[in-house]
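Participant: Quick one: the structure is below, questions incoming.
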Amino acid sequence: MGAIGLGVAVSSSPSLSWFLIGIGLYAIGLWMPSWLWAAGAFGSAAFSRILVSAGLLPNEANFFHYPLALGAALRAAFEGERGPGIARFLGWGLWGLLFLSLLSWLINGGEILKPFLAWIVFAEPFLLLYGLLRSPPPSKTMEKLWRLAWTVIGVQVPVALLQAATLGLSDNVQGTFVGLSQASHVVGAVTLAGSFVLIAKLLTGQPRLASSCLSWTAVVLLWLIPVLADAKHVIAAALGGMVTLLIGQRRIKWKRALVGMGGILLVLGIGALLYPPLQWIFRVEGMVEIAARKMDPIVLMALHAEGSPLPWLFGLGPGNTFSRVALMGQGGLVKAESPVARLGISITPITQEALVVSLTAAYAPAATSTAYHIWSSFAGLLGDWGFLGLGLYLGMGWMIWKVLERGPRWAVLSGRANLTMLVFLGGFHSWLEEPCMTLIQAFLIGLLTGTRQEPPGFGSRDEA
2 MGAIGLGVAV
12 SSSPSLSWFL
22 IGIGLYAIGL
32 WMPSWLWAAG
42 AFGSAAFSRI
52 LVSAGLLPNE
62 ANFFHYPLAL
72 GAALRAAFEG
82 ERGPGIARFL
92 GWGLWGLLFL
102 SLLSWLINGG
112 EILKPFLAWI
122 VFAEPFLLLY
132 GLLRSPPPSK
142 TMEKLWRLAW
152 TVIGVQVPVA
162 LLQAATLGLS
172 DNVQGTFVGL
182 SQASHVVGAV
192 TLAGSFVLIA
202 KLLTGQPRLA
212 SSCLSWTAVV
222 LLWLIPVLAD
232 AKHVIAAALG
242 GMVTLLIGQR
252 RIKWKRALVG
262 MGGILLVLGI
272 GALLYPPLQW
282 IFRVEGMVEI
292 AARKMDPIVL
302 MALHAEGSPL
312 PWLFGLGPGN
322 TFSRVALMGQ
332 GGLVKAESPV
342 ARLGISITPI
352 TQEALVVSLT
362 AAYAPAATST
372 AYHIWSSFAG
382 LLGDWGFLGL
392 GLYLGMGWMI
402 WKVLERGPRW
412 AVLSGRANLT
422 MLVFLGGFHS
432 WLEEPCMTLI
442 QAFLIGLLTG
452 TRQEPPGFGS
462 RDEA
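Numbering-wise (the working numbering), the sequence shown opens with residue 2 and increments by one.
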């Protein structure tokens, strides 16, 4: 009878059938190691969009990474602590964010789903990192995970080049993230995250000449993708990451640095000359204007706080202000065909005001770059959870910054360059809430924190 009931459910409601299948697989998968859950979340973020666009998976598959990342953290917690002590503090930070989200919801109100949705969206990359840190994969498994990471990063190049040649530049360049809103920025962030690892290895190691030339060619190709995609946010943020990488290097190979950076700047320069909108990243006045726009959420918060200190401490409620969950409410930025629309999340007055202010004709520059929108991930953290939530989130990022010290120098530099890029992206837009971007970078940073030797595919050796 149970089988008959399941068959009826599958035939009458495909969405319900996928849900039931997912619950069953989730229960069966409880025995799997945490690194396998993390790899599943990573692969889902990387390939679900292109599979859904090809009709091979339903739209709901675009959200599979959430339970997988949560499974990585839960499984690691059950396995017992085997990683660095800081993983325990990261776990407490995750619980702290959830508690704060619920507390802010109790103070401010809203739908019962909002505190959990806001938490999973912001906490997801930390859940994946916690899984990899608390229960580190064995060395042989680490090699396989590195190969998986390089496969995901490497496949973006031919796919993006093919899209640029056949469909055109800018938003048409999406890599494997086909159909995702602003996929061009996501594919750019993924390729640049990989480029940091190659650059750090080249500047600190002693590769053979042939290997060095091949690696620098790969670096230039990886930087070419965001240029073709017109991913201005990502390029500007990546330049900040490069500064972190160069400053942190104690014994830099300056000749190699000049050659490599010269190639990167040449790509950027030619791109800016051939495509004028790309010149945005070199406009100081544009950056100043963006910084001014990012102050608008504070003004709106002050108006709605009405002189009370509580909103500044605990926020105005999860999903109630400038976070992606808030913007995905009914009447916001959610797509009608998205499964998120079926949740029926409401939109609050302060979010409506933010949409009006950000999208009004008075903010015409927003037509050329979403960086001019007033919302960002940091504005969302402050608005939803107050300074306590923003401080806790940044504190967890600082834990990752510190734990990177355990690895070889190239891993420290590339990991911190990626973290710096994420910080800039969180200020430009709501990129810290874009799982296809953050999960892939979190997976890469997680591998860097656990690496004791060079990953496969470098063909070089560490410096002594």
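Using N, Cα and C, we set each Cβ at its ideal position, and we do this for glycine too.
State the DSSP-derived secondary structure class of W376, mapped to helix, strand or coil.
Facilitator: Counting from 1 along the sequence shown, the entry for residue 376 is found at position 375. In the structure shown, W376 sits in coil (DSSP, three-state: anything other than H, G, I, E or B).
Participant: Quick check on DSSP: helix, strand or coil for Q183?
Facilitator: The residue given as residue 183 occupies position 182 in the sequence shown. Three-state DSSP puts Q183 in coil, outside helix and strand.
Participant: For the alpha helix (DSSP H) that contains T143, what are its first and last residues?
Facilitator: As a position in the sequence shown, residue 143 is number 142, starting the count at 1. Note on identity: in this sequence residue 143 is Met, with Thr being the wrong assignment. Looking at the DSSP string, the run of the alpha helix (DSSP H) that includes M143 is 140-168.
Participant: In its own chain, which residues sit with a C-beta less than 8 Å from the C-beta of K115, not counting the 5 before and 5 after it?
Facilitator: For the purposes of this step, residue 115 is taken as residue 114 along the sequence shown, with counting starting at 1. The residues are W106, G318, P319, G320, N321, V326, I346.
Participant: Do A194 and Q442 have their C-beta atoms closer together than 7 Å?
Facilitator: Counting from 1 along the sequence shown, the entry for residue 194 is found at position 193. Counting from 1 along the sequence shown, the entry for residue 442 is found at position 441. Result yes, Cβ atoms of A194 and Q442 sit closer than 7 Å.
Participant: Report, in whole angstroms, the separation of the C-beta atoms of L98 and L393, which I expect to be a contact under 8 Å.
Facilitator: To locate residue 98, count along the sequence shown from 1; it is residue 97. To locate residue 393, count along the sequence shown from 1; it is residue 392. Indeed they touch by this definition, with Cβ atoms about 6 Å apart.
Participant: For V289, count neighbouring Cβ atoms within 10 angstroms of its own Cβ and tell me buried if that reaches 16, exposed if not.
Facilitator: Position 288 of the sequence shown, counted from the start, is the residue given in the question as residue 289. Classification for V289: exposed.
Participant: Rounded to whole angstroms, what is the Cα-Cα separation between S45 and L58?
Facilitator: Start at 1 with the first residue of the sequence shown, and residue 45 comes out as number 44. Start at 1 with the first residue of the sequence shown, and residue 58 comes out as number 57. So the two alpha carbons sit approximately 11 Å from each other.
Participant: What is the rounded straight-line gap between the Cα of G249 and the Cα of R407?
Facilitator: The residue given as residue 249 occupies position 248 in the sequence shown. The residue given as residue 407 occupies position 406 in the sequence shown. Using only the alpha carbons, I get a separation of about 15 Å.
Participant: What is the rounded straight-line gap between the Cα of E144 and the Cα of G451?
Facilitator: On the sequence shown, position 143 is the one that residue 144 refers to. On the sequence shown, position 450 is the one that residue 451 refers to. One C-alpha to the other measures close to 11 Å.
Participant: Would DSSP call A363 helix, strand or coil?
Facilitator: Locating residue 363 in the sequence shown gives position 362, where the first residue counts as 1. Any reading at A363 must be qualified, since the residue scores a pLDDT of 44, below 50, and its modelled position is unreliable; no value is offered.
Participant: With a cut-off of 8 Å, do at least 3 Cβ pairs link the segment 149-166 to the segment 224-231?
Facilitator: As far as the Cβ criterion goes, the segment 149-166 touches the segment 224-231, which means the pair count is three or higher.
Participant: Just reading off the alpha helix (DSSP H) that M302 is part of, what are its end residues?
Facilitator: Taking the first residue of the sequence shown as position 1, residue 302 is located at position 301. Per DSSP, M302 belongs to the alpha helix (DSSP H) from 297-306.
Participant: Quick check: what's the CA-CA separation for Q183 versus G447?
Facilitator: In the sequence shown, counting from the first residue as 1, residue 183 sits at position 182. In the sequence shown, counting from the first residue as 1, residue 447 sits at position 446. Whole-angstrom Cα-Cα distance: 25 Å.
Participant: What residue ranges within the segment 370-457 form continuous alpha helix (DSSP H) runs of no fewer than 4 residues, ordered along the chain?
Facilitator: Counting whole runs of 4 or more residues, the segment 370-457 contains the alpha helix (DSSP H) stretches 378-404, 410-429, 436-450.
Participant: In whole angstroms, what is the alpha-carbon distance linking T349 and G330?
Facilitator: Position 348 of the sequence shown, counted from the first residue, corresponds to residue 349. Position 329 of the sequence shown, counted from the first residue, corresponds to residue 330. Taking the straight line from one Cα to the other gives about 8 Å.
Participant: Is it right to say F533 is buried, meaning 16 or more other beta carbons lie within 10 angstroms of its own, or is it exposed?
Facilitator: Outside the shown range of the chain (2 to 465) lies residue 533, about which nothing can therefore be said.
Participant: Quick check on L128: does DSSP put it in helix, strand or coil?
Facilitator: Reading the sequence shown from its first residue, position 127 is the one you call residue 128. Three-state DSSP puts L128 in a helix.
Participant: If you draw a straight line from the alpha carbon of G427 to that of A355, how long is it in whole angstroms?
Facilitator: As a working note, residue 427 is residue 426 in the sequence shown. As a working note, residue 355 is residue 354 in the sequence shown. In a straight line, the C-alpha of G427 is about 17 Å away from that of A355.
Participant: Using the Cα positions of R50 and Q175, report the straight-line distance between them to the nearest angstrom.
Facilitator: Within the sequence shown, residue 50 is the residue found at index 49, counting from 1. Within the sequence shown, residue 175 is the residue found at index 174, counting from 1. So the two alpha carbons sit approximately 10 Å from each other.
Participant: What is the rounded straight-line gap between the Cα of W481 and the Cα of G316?
Facilitator: Look at the range of the chain in this structure, 2 to 465, and you will see that residue 481 is not part of it.
Participant: Over the uninterrupted alpha helix (DSSP H) stretch that includes T177, give me the two end residues.
Facilitator: Walking along the sequence shown from the start, residue 177 turns up at place 176. Careful: T177 lies outside any alpha helix (DSSP H) and carries neither H nor E.
Participant: Please return the same chain residues whose Cβ sits closer than 8 Å to the Cβ of I87, not counting the five positions on each side in sequence.
Facilitator: Your numbering for residue 87 matches position 86 in the sequence shown. Once the five neighbours on either side are set aside, the close Cβ partners of I87 are L134, M400, K403, V404.
Participant: Nearest-angstrom Cα distance between E434 and L149?
Facilitator: Start at 1 with the first residue of the sequence shown, and residue 434 comes out as number 433. Start at 1 with the first residue of the sequence shown, and residue 149 comes out as number 148. So the alpha carbons of these two residues sit roughly 23 Å apart.
Participant: For G189, which of helix, strand or coil comes out of DSSP?
Facilitator: Looking up residue 189 in the sequence shown gives position 188. Note: G189 maps to helix in three-state DSSP.
Participant: Going by beta carbon distance, what residues of the same chain come within less than 6 Å of S54, once the five residues before and after it are set aside?
Facilitator: Along the sequence shown, one-based indexing puts residue 54 at 53. Cβ neighbours of S54 beyond the five flanking positions: V179, G180.
Participant: Do A42 and L328 have their CB atoms nearer than 7 Å?
Facilitator: For the purposes of this step, residue 42 is identified with residue 41 of the sequence shown, where counting begins at 1. For the purposes of this step, residue 328 is identified with residue 327 of the sequence shown, where counting begins at 1. It is not a contact, given that the beta carbons lie outside the stated cut-off.
Participant: Do you know how far the Cα of R410 is from the Cα of P298?
Facilitator: Taking the first residue of the sequence shown as 1, we reach residue 298 at position 297. Taking the first residue of the sequence shown as 1, we reach residue 410 at position 409. C-alpha separation (whole angstroms): 39 Å.
Participant: Using the rule of at least 16 other Cβ atoms within 10 Å of the residue's Cβ for burial, across every protein chain shown, is L423 buried or exposed?
Facilitator: Residue numbering aside, residue 423 sits at position 422 when the sequence shown is read from its first letter. Per the 10 Å Cβ criterion, buried.
Participant: Quick check on the burial criterion: 16 or more other C-beta atoms within 10 angstroms. Buried or exposed for E125?
Facilitator: As a first step, residue 125 must be located in the sequence shown, where it is residue number 124. Looking at its Cβ environment, which holds 16 or more other Cβ atoms inside 10 Å, E125 is buried.
Participant: Tell me the DSSP secondary structure of L58 in three-state form.
Facilitator: Here residue 58 is taken as the residue at index 57 of the sequence shown, counted from 1. Correct three-state label for L58: coil.
Participant: Buried or exposed for W96, going by 16 or more other Cβ atoms inside 10 Å?
Facilitator: Residue mapping note: residue 96 aligns to position 95 of the sequence shown, counting from 1. When all chains shown are included, W96 counts as exposed.
Participant: Should C214 go down as buried or exposed, given a rule of 16 or more other Cβ atoms within 10 Å for buried?
Facilitator: Along the sequence shown, one-based indexing puts residue 214 at 213. C214 comes out exposed.
Participant: Since V341 is in the alpha helix (DSSP H), which residue starts that stretch and which ends it?
Facilitator: On the sequence shown, position 340 is the one that residue 341 refers to. Per DSSP, V341 belongs to no alpha helix (DSSP H) and is neither H nor E.
Participant: Helix, strand or coil for I200 per DSSP?
Facilitator: Numbered from 1 along the sequence shown, position 199 holds the residue referred to as residue 200. DSSP places I200 in helix when its eight states are reduced to three.
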